[in-house]
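A.B. asks: Counting from 1054, one number per residue, gives the positions in the sequence shown under our numbering.
Note that beta-carbon positions come from the ideal geometry of N, C-alpha and C, so glycine has one too.
Note that the structure is predicted; figures quoted are calculated from it, not measured.
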Amino acid sequence: MSAVVSDAVPQRFPIPDGVFAETVVSVRHYTDRLFSFRITRPASLRFRSGEFVMIGLPNAERPVFRAYSIASPSWDEEVEFFSIKVENGPLTEHLQKIRPGDTVLMRKKPTGTLVLDALLPGRRLWLFSTGTGVAPFASVVRDPETYEKFEEVILVQTCREVAELTYASELVAGIAADPLIGEIAADKLRFHGTTTREPSPRMGRVTDLMRSGQLFADLGVPAITPETDRGMICGSMAMLKETKSILEDFGLAEGSNAAPGQFVVERAFVG
Ligand code: A2P
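#1: Cα-Cα, which of G1284, S1136 and D1155 is closest to E1146?
#2: Using 8 Å for Cβ pairs, my map puts E1205 next to R1176. What's the rounded Cβ distance?
#3: Less than 8 Å between the beta carbons of S1122 and F1100, yes or no?
#4: Does at least one heavy atom of ligand 1 sit under 7 Å from the Cβ of M1212?
#5: Would you decide whether M1290 is buried or exposed? Buried here means 16 or more other CB atoms lie within 10 Å of its CB.
#6: Just to check, is the beta-carbon of G1184 closer than 7 Å to a non-hydrogen atom of ligand 3?
#7: Comparing C-alpha positions only, which one of E1140, A1096 and H1245 sits nearest to F1073?
#8: What are the residues that DSSP puts in a beta bridge with E1146?
#9: If F1066 sits next to P1111, beta carbons under 8 Å apart, how far is it from one beta carbon to the other, in whole angstroms?
#10: Ignore the nearest five residues each way along the sequence and tell me which others in S1182's own chain have a CB closer than 7 Å to its CB.
#11: Where does A1171 land, buried or exposed, given buried means 16+ other C-beta within 10 angstroms?
#12: Between E1075, L1098, R1094 and W1179, which lies nearest to V1318 when the distance is taken from Cα to Cα?
#13: Which residues in the same chain as E1133 place their Cβ atom closer than 6 Å to its Cβ, once the five residues preceding and following it in sequence are excluded?
#14: Using 8 Å as the threshold, is the region 1212-1220 in touch with the region 1309-1316, meaning 3 or more CB pairs across them?
#15: Apart from the five residues just before and just after M1285, which ones in its own chain have a Cβ nearer than 6 Å to its Cβ?
#16: Taking 8 Å as the cut-off, decide whether the C-beta atoms of P1116 and P1069 are in contact.
#17: Could you tell me if the beta carbon of E1251 falls within a distance shorter than 7 Å of some heavy atom in ligand 1?
#18: Is it the case that the CB of V1259 approaches a heavy atom of ligand 1 more closely than 7 Å?
#19: In terms of alpha-carbon separation, which member of F1088, P1313, L1218 and Q1267 lies closest to R1152?
#20: Do we get a CB-CB distance below 8 Å when we pair V1274 with the residues of chain B?
#21: Shorter than 7 Å, the distance from the beta carbon of E1307 to the closest heavy atom of ligand 1, or not?
#22: Going along the chain, which unbroken runs of the beta strand (DSSP E) with 3 or more residues stay wholly within the region 1096-1124?
#23: Give the secondary structure of M1054 by DSSP, where H, G and I count as helix, E and B as strand, and everything else as coil.
#24: By Cβ distance, which residues of its chain are closer than 7 Å to V1077, with the 5 residues on each side in sequence left out?
#25: Please report the straight-line C-alpha distance between K1202 and P1174, rounded to a whole angstrom.
#26: Output the distance between the C-alpha atoms of I1108 and H1082, rounded to the nearest integer angstrom.
#27: Taking 8 Å as the cut-off, decide whether the C-beta atoms of A1321 and G1186 are in contact.
#28: How long is the line joining the alpha carbons of P1279 and A1113, rounded to whole angstroms?
#29: Please name the residue in T1219, E1130, S1079 and S1192 whose C-alpha comes closest to that of R1086.
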């Protein structure tokens, strides 16, 4: 596939074997630390909502690949990602400069554990995230199957600043108007964004809010129980460990693709 390449990410090297070379369709910058972008979708790409894939840029003979959660749902005609910008990050230093028309490389096999198949049936689905950890859940909340399996879906994201909540809050607000899932999702999906370093209506780390019970009081739901609640967790290593241990204290057991359980965990990737 040939693509128009901007000055920002010069393509001086051939596309490696075994990867898709896709074209950037759009880019949106939310803050000086966060941006999202959409690329063309290869016809043969198959994935389950919530999975991740390795992506890179054709700017070196041996391109740097990093794991990125696919933020778009499996029915979408394009593929969306939500990324942090890491200063001197081997990939994001360049990736943050992409423009429509540039080429992004994508390895062919998506994988991951934040998938509905890895959860036992339940009533309420919790999606716990910090920062760009919300990306796989942007996929899950746009998948009709999520609403076939759960009566209630609560997306929780903790960020440092208010502007970092924009990607997910706009996404959830827009779902009501979506012709495919708007009707089934509207009454079931809620977004609960909190900040830690800038004043906002809801402050505090998701972990602290769960421990204190404030999260459940704010949402008007009972505390988590293994009978009704299921969870997916995506954030930094420290956040994963803490949230996992809190869910275990509530009596939930971790699951996987091979052995579905009451919650699943995936690291949010940066690079
Ligand atoms: P804090 O501001 O208290 O560090 P980052 O941008 O560094 O990835 O962090 C995203 C959000 O995750 C921040 O609001 C941060 O809070 C929060 N956070 C960091 N560590 C944890 C943790 N162990 N559990 C829950 N939230 C965390």
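C.D. replies: From the atom records:
#1: Within the sequence shown, residue 1146 is the residue found at index 93, counting from 1. Taking only the C-alpha atoms, the option nearest E1146 is S1136.
#2: Sequence index remark: in the sequence shown, residue 1205 carries index 152 (1-based). Sequence index remark: in the sequence shown, residue 1176 carries index 123 (1-based). The distance from the Cβ of E1205 to that of R1176 is about 7 Å, consistent with a contact at the 8 Å cut-off.
#3: Residue numbering aside, residue 1122 sits at position 69 when the sequence shown is read from its first letter. Residue numbering aside, residue 1100 sits at position 47 when the sequence shown is read from its first letter. Result no, Cβ atoms of S1122 and F1100 do not sit closer than 8 Å.
#4: Position 159 of the sequence shown, counted from the start, is the residue given in the question as residue 1212. Going by the sequence as given, residue 1212 is Cys instead of Met. Indeed, a heavy atom of ligand 1 lies less than 7 Å from the Cβ.
#5: Numbered from its first residue, the sequence shown carries residue 1290 at position 237. Classification of M1290: exposed, given that the 10 Å Cβ count is below 16.
#6: Of the ligands one can find in the structure shown, namely ligand 1, none is ligand 3.
#7: In the sequence shown, residue 1073 corresponds to position 20, counting from 1. Its Cα nearest to that of F1073, the residue A1096 stands out among E1140, A1096 and H1245.
#8: Within the sequence shown, numbered from 1, the residue matching residue 1146 stands at position 93. Per DSSP, none; premise fails for E1146.
#9: Here residue 1066 refers to the residue found at position 13 when the sequence shown is read from its first residue. Here residue 1111 refers to the residue found at position 58 when the sequence shown is read from its first residue. At roughly 6 Å, the Cβ-Cβ gap stays under 8 Å, so F1066 and P1111 are in contact.
#10: In the sequence shown, residue 1182 corresponds to position 129, counting from 1. Within the same chain, S1182 has close Cβ partners F1190, V1209, Q1210, C1287 and G1288.
#11: Counted from its first residue, the sequence shown places residue 1171 at position 118. By the 10 Å Cβ count, A1171 comes out buried.
#12: As a first step, residue 1318 must be located in the sequence shown, where it is residue number 265. When only C-alpha atoms are compared, the closest one is W1179.
#13: Walking along the sequence shown from the start, residue 1133 turns up at place 80. Taken in chain order, the residues that qualify are R1091, A1124 and S1125.
#14: no
#15: The residue given as residue 1285 occupies position 232 in the sequence shown. Counting only Cβ-Cβ distances below 6 Å, and skipping sequence neighbours, we find L1167, L1180 and V1317.
#16: As a working note, residue 1116 is residue 63 in the sequence shown. As a working note, residue 1069 is residue 16 in the sequence shown. Yes, they are a contact pair.
#17: Residue numbering aside, residue 1251 sits at position 198 when the sequence shown is read from its first letter. Because no heavy atom of ligand 1 lies under 7 Å away, the Cβ of E1251 does not count as near it: no.
#18: Position 206 of the sequence shown, counted from the first residue, corresponds to residue 1259. Checking every heavy atom of ligand 1 against the Cβ of V1259, one is found closer than 7 Å.
#19: Translated into the one-based positions of the sequence shown, residue 1152 becomes position 99. Closest by alpha carbon: F1088.
#20: Looking for chain B here will not work: only one protein chain is present.
#21: Stepping through the sequence shown from its first residue, residue 1307 is reached at position 254. Every heavy atom of ligand 1 is 7 Å or more from the Cβ of E1307, so no.
#22: 1105-1109 and 1119-1122
#23: Translated into positions along the sequence shown, residue 1054 becomes position 1. For M1054, the predicted structure reports a pLDDT of 45, less than 50, and the residue's modelled location is therefore unreliable. A value from the coordinates is still provided. M1054 sits in coil when the DSSP states are folded into three classes, being neither helix nor strand.
#24: Position 24 of the sequence shown holds residue 1077. Residues F1090, I1092, I1151, R1152, P1153, G1154, D1155 and V1157 of the same chain have their beta carbon placed closer than 7 Å to that of V1077, with the five preceding and five following residues left out of the count.
#25: As a position in the sequence shown, residue 1202 is number 149, starting the count at 1. As a position in the sequence shown, residue 1174 is number 121, starting the count at 1. Cα to Cα, K1202 sits roughly 7 Å from P1174.
#26: Residue numbering aside, residue 1108 sits at position 55 when the sequence shown is read from its first letter. Residue numbering aside, residue 1082 sits at position 29 when the sequence shown is read from its first letter. Roughly 19 Å separates the two Cα atoms.
#27: Within the sequence shown, residue 1321 is the residue found at index 268, counting from 1. Within the sequence shown, residue 1186 is the residue found at index 133, counting from 1. Result yes, Cβ atoms of A1321 and G1186 sit closer than 8 Å.
#28: Within the sequence shown, numbered from 1, the residue matching residue 1279 stands at position 226. Within the sequence shown, numbered from 1, the residue matching residue 1113 stands at position 60. If I take the Cα positions, the gap works out to 48 Å.
#29: Within the sequence shown, numbered from 1, the residue matching residue 1086 stands at position 33. Per the Cα distances, T1219.
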